[in-house]
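S.K.:
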Amino acid sequence: MTITVYGIPNCDTVKKARTWLAEHQQEFVFHDFKKQGLSRDIVAGWLQQLSRDVLVNRKGTTWRALSDERKASIVDDDAAIALMLENPSVIKRPVMDNNGAFSVGFSDAQYQQIFNG
């Protein structure tokens, strides 16, 4: 069983997800996508299961700081991939890869369902 949690270490939601996994004896690898980067293949893989509207955090400060033209240019997955690779902070966190099944965000109920459902 391989679990990878993608995010940034100082994000509160990522911290909660990592703590939950540790408390529930779920072994995982943490991938800091600001330090370790992301590849086009990784992000494209996420988009096979998750929509760009789920992955791109349109409520965060990174999104709000973008120009209106840049925001308007996110009309397809290729544009979303380019944006996420240029600005990883725009990705809603954490993204979890649980043996090829992807999920975004964290709540106790969500993780209970994933691991006990």
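When the letters of the sequence shown are read in order and numbered with our numbering, they come out as residues 13 to 129. Quick reminder that beta carbons are idealized off the backbone N, C-alpha and C, glycines included.
For Gly112, which three-state DSSP category applies?
M.R.: In the three-state reduction of the DSSP assignment, Gly112 falls in the coil class.
S.K.: Hey, how far is the Cα of Leu78 from the Cα of Ile93?
M.R.: 15 Å
S.K.: Taking 8 Å as the threshold, find out whether the segment 55 to 69 comes into contact with the segment 112 to 119 through three or more Cβ pairs.
M.R.: yes
S.K.: Exposed or buried, which one is Phe45 when buried takes at least 16 other CB atoms within 10 Å?
M.R.: buried
S.K.: Among residues of its own chain, excluding the 5 on either side of Ile86, which ones have a beta-carbon nearer than 8 Å to its beta-carbon?
M.R.: Arg64, Val68, Ala92 and Leu95
S.K.: Residues in the same chain with beta-carbon distance under 6 Å from Gly19, minus the five sequence neighbours each way, listed in chain order, please.
M.R.: Hits under 6 Å: Val26, Arg105 and Pro106.
S.K.: Could you pull the DSSP bridge partners for Gly19 from this structure?
M.R.: Asp44
S.K.: Taking Cβ positions, are Asp120 and Ile15 nearer each other than 8 Å?
M.R.: no
S.K.: Could you give the distance in angstroms between the alpha-carbon of Thr74 and the alpha-carbon of His36?
M.R.: 32 Å
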